[in-house]
């Protein structure tokens, strides 16, 4: 936007913006999408409207070649790559959720970074409420009504607060649910949430969230996840179907591949935000390692800084093209604020003035509303907030596509993958670990088989359209690949050789079952 | 809602409502979701709020056993079936889009029936606009900007009108698009659209839509679809990536399986809306074949009738339980209206008064706004309409999940499935028909191989991460199964035996390629 404005009607210079969505998400308001207090569309802004003279390519970047000065983008509806040549390149790649460090998180943790994540989470939360309303099994019901948020920074606290408000308000609309059954657990490694704001405001937020029944667990780190639980240190488990991880984030994969200098995965730039040794390449925002001239340290990866960095980069690019003086980046944060839901927030101004409660909340709203780009959006969000004040929370669940496909799941040792008598709507391939096939007969358990990686299970019930004849339980921690009925049938019918594989697997499993049965009758006899 | 109201606080009677979504969609306003003039959430209403004392099960019905008086629902998060026993059963299953009659429609036609469909279509339309904005190939660009709607009834006409308004307005925000490039084609079998409203209003609608640049093709039926085009009679093709079919609809699969009497797939009921021979079973709405006592014919499957049928069924169930007089169903339609976008509509009252233009549009809005259930929604929709009047159309695209998975596509004889040099991001299995592998060399074409059903292709570029070394073209009409990279790699890595299959396929393809190459060099030599 700055660059476009500076260019004016200059026709010799072209700006191309590559982004994988055609909108800009106003991140600070993302948690409000969960509760629906802002309508989904309104925290996002069409980029074409924000910068009408910029050429927008809605694609993912596949590779960046700093030598050839070319950015290659992913195929769209037609399977061809697109190459964009540049004279100046601005890298604003941000960072990404990096779930690979924690086992099971990738499969069972909900990321919370973009709009799709927020919408997906909202739908999931409504789904577990629907399921809990019908569920008779007390343990499973408890797991359905337990929501775990990992990370006590701004993002984690705001998410936990909004989620807590929403779930407790929504559960009142379910005949068989009681808000007191709902558990929202916030995990934080340190000894006080919102460490950036200091002990006074952190303490305020802590007390406020506790009063609203959020369980805060200090000194506790998320260690991983399975299909059934959040894993804590010392082997503790919190059974849940909803685990939201706001940490950890890591460098963008494209940054990792760049041949320039990096610190902790971020691209090192000089005080002009230029990448040394690569003239015409600039970096800013979360992906850049920017010297803080005021403190001698490094600029924090916050929106406040990023916006000002954008202005400097725009200025310096124009200076490089048209000749002129480059500017150094210098900025001191004005303040920080975090929303706590329900007309409350905490805020700190100029590093010294602390605000909390409704005053901080009004401040929070005023600041972010002012920052929200686009007059039209300001108007829409204003109306949403007004309606949210007078109308009840919305609990409609908007599903846009079938959720079942090929996916991975992780189970902890001892967890049951499926039970005898369950519906056989999917097949499993064991990726790692060991499972056992268990038959319940007259109250006694009989282990029919042990399976190792590379083996298949669960196909019999699906092919014969019968309930599961035996349970399968994880012996160690296991990873499984799951194929749901629809995809499985497509593969079986149309992938040459697939049917033979499965006929053989079934034969073996039948033989094993019979062998086990005959052992059983011998033992009984 | 009627039944709940009649029951009052009577605690001995329980109502269970089984629905696959937790909301009720107000169908008449669905086309407005495409253009965004009503926000997505606002045409849907949480069922729990509409009937708070009803027990809602958000599940799909898997089977209905009229003898045992049991309805079985699909598994939720836990893979177990749920059985619901009943004393009285009301069947309001509606009808379903039945795409199976027309080849390729299932794979390439967009249904337009529920909210997910509307949202999916909106996202797709924005996607093709984004792609067209970047596309250099003139033919492909033209196909991207062509939108075909099949069916000139209420649903088709309203959809075409809204779509036309939206696409033309939105295309102005794209730097490289011109509204004049956009083609919206409406196919209608008869000789005038909106036949239900008679020639005067049909003629009005026809003229109005033409003035807004909708191409209306009469006497033309959709015959099928391929990945590249809508197929018309006499082999004519309209190249398009967006085909919306509002016809044909067929009976719900659950109705088909019921042992009661049916006419054209609909459940025959008597004047009390009871299903003969099955006491306690009632049917209404689009799935019921209801005698029209006024005309001696059959009640039309419209919302106007369905709402009144609900009232009668509620009354008659209460009469059956508590004793009382059953009521016969008698009703005459009050009128019909269809919105044409842009402050215009057509309407007919009491079968004789014709309205058109802005007056009909005001009437349309007033009627449907009054019918929209829930005071809160009325308020929200009112505000949306107000904002739509003063703010520009929204072009944000809300994607909630990855769209690639295992899917089927259809290609017509001569159509190209992929081109030499394309990115190899998916593999194909030939389900039916025949394809040829074509290599372009110095401007001449060389056919490397012909493949028949059960054969695989396209795996080499994917595995080697190279561009396609040859094109594949359909010789006859073909159906293919497509597996995208992510799923393919999961299968290859974790489905035992899969890797061997593909190693063998690759070896064969390599051998074929070499054989063809050596033939080629011999010929050249």
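Protein chains in written order, with my numbering: chain A, 1 to 525; chain B, 1 to 525. All residues carry an ideal CB built from backbone N, CA and C; glycine is no exception. Only a predicted model underlies this, so the values are computations on that prediction, with no experimental measurement involved.
{"Query": "If we ignore side chains and look at the alpha-carbon of each, how far apart do residue 500(A) and residue 493(B) end up?", "Result": "18 Å"}
{"Query": "Opposite residue 356(B) in the DSSP bridges: which residues?", "Result": "346(B)"}
{"Query": "For residue 21(B), which of helix, strand or coil comes out of DSSP?", "Result": "coil"}
{"Query": "With contact counted as at least three CB pairs below 8 Å, one residue from each stretch, are the stretch 169-180 of chain A and the stretch 188-205 of chain A in contact?", "Result": "no"}
{"Query": "Could you check whether the stretch 178-185 of chain A touches the stretch 360-379 of chain A, counting it as contact only if at least three pairs of C-beta atoms, one from each stretch, sit closer than 8 Å?", "Result": "no"}
{"Query": "Alpha carbon to alpha carbon, how far is residue 312(B) from residue 327(B)?", "Result": "6 Å"}
{"Query": "Got a sec: is the Cβ-Cβ distance from residue 134(A) to anything in chain B below 8 Å?", "Result": "yes"}
{"Query": "Please list, in chain order, the chain A residues whose beta carbon lies closer than 7 Å to that of residue 79(B).", "Result": "418, 422, 423, 425"}
{"Query": "Quick check on the DSSP output: the beta strand (DSSP E) that includes residue 82(A) runs from which residue to which?", "Result": "82-85"}
{"Query": "With DSSP run on the structure shown, which of helix, strand or coil describes residue 152(A)?", "Result": "coil"}
{"Query": "With a 10 Å radius around its C-beta and 16 neighbouring C-beta atoms as the bar for buried, classify residue 452(B) as buried or exposed.", "Result": "exposed"}
{"Query": "In chain order, what residues of the same chain lie with their CB nearer than 8 Å to the CB of residue 34(B), ignoring the 5 residues before and after it?", "Result": "118, 121, 122, 125, 159, 162, 163, 166"}
{"Query": "Tell me, please, whether the CB atom of residue 535(B) is closer than 8 Å to any CB atom in chain A?", "Result": "No information on residue 535(B) is available, as it lies outside the stretch 1 to 525 that chain B covers here."}
{"Query": "Which bits of chain B does residue 179(A) rub up against, with CB to CB less than 8 Å?", "Result": "Within 8 Å Cβ-Cβ: nothing; residue 179(A) doesn't reach chain B, min ~15 Å."}
{"Query": "In this structure, does DSSP put residue 117(A) in helix, strand or coil?", "Result": "helix"}
{"Query": "Going by beta carbon distance, what residues of the same chain come within less than 8 Å of residue 340(B), once the five residues before and after it are set aside?", "Result": "157, 158, 161, 205, 208, 209, 346, 361"}
{"Query": "Is the number of C-beta pairs between the stretch 125-145 of chain B and the stretch 4-21 of chain B that are closer than 8 Å three or more?", "Result": "no"}
{"Query": "Is there a C-beta anywhere in chain B that falls below 8 Å from the one on residue 2(A)?", "Result": "no"}
{"Query": "What are the start and end residues of each continuous alpha helix (DSSP H) run of 4 or more residues lying completely inside the stretch 374-450 of chain A, in chain order?", "Result": "375-390"}
{"Query": "So, is the C-beta of residue 46(B) closer than 8 Å to a C-beta in chain A?", "Result": "yes"}
{"Query": "Pull up the distance between the alpha-carbon of residue 520(B) and that of residue 72(A), whole angstroms please.", "Result": "Caution applies to residue 520(B), whose pLDDT of 48 falls short of 50 and renders its modelled position unreliable; the model cannot decide the point."}
{"Query": "Measure the CB-CB distance between residue 155(A) and residue 112(A) and report whether it falls below 8 Å.", "Result": "yes"}
{"Query": "Only counting the same chain, and skipping five residues up and downstream in sequence, which positions put a Cβ closer than 6 Å to that of residue 220(B)?", "Result": "187, 232"}
{"Query": "Rounding to the nearest angstrom, what Cα-Cα distance links residue 290(B) and residue 342(B) in this structure?", "Result": "36 Å"}
{"Query": "In chain order, what residues of the same chain have a beta carbon less than 6 Å from the beta carbon of residue 103(B), not counting five sequence neighbours either side?", "Result": "224"}
{"Query": "Bridge partners for residue 262(B) per DSSP, in chain order?", "Result": "267(B)"}
{"Query": "For chain B, check one thing: does any of its Cβ atoms lie closer than 8 Å to the Cβ of residue 371(A)?", "Result": "no"}
{"Query": "Give the residues of chain A in contact with residue 140(B), contact being defined as C-beta atoms less than 7 Å apart.", "Result": "78"}
{"Query": "What would DSSP say about residue 174(A), mapped onto helix, strand or coil?", "Result": "coil"}
{"Query": "When the Cα of residue 498(A) is compared with those of 320(B), 455(B), 460(B), 480(B), which residue comes out closest?", "Result": "455(B)"}
{"Query": "Quick one: Cα of residue 13(B) to Cα of residue 292(B), how far?", "Result": "31 Å"}
{"Query": "Return helix, strand or coil for residue 217(A), following the three-state DSSP convention.", "Result": "strand"}
{"Query": "Since residue 6(A) is in the alpha helix (DSSP H), which residue starts that stretch and which ends it?", "Result": "2-7"}
{"Query": "Anything in the stretch 16-37 of chain A with a Cβ closer than 8 Å to a Cβ of chain B? List those residues in chain order, please.", "Result": "21, 22, 23, 36"}
{"Query": "Can you check which of these residues, 10(B), 388(B), 213(B), 77(B), is closest to residue 59(B) by C-alpha distance?", "Result": "77(B)"}
{"Query": "If you check the beta carbons only, do residue 6(B) and residue 51(B) fall under 8 Å apart?", "Result": "no"}
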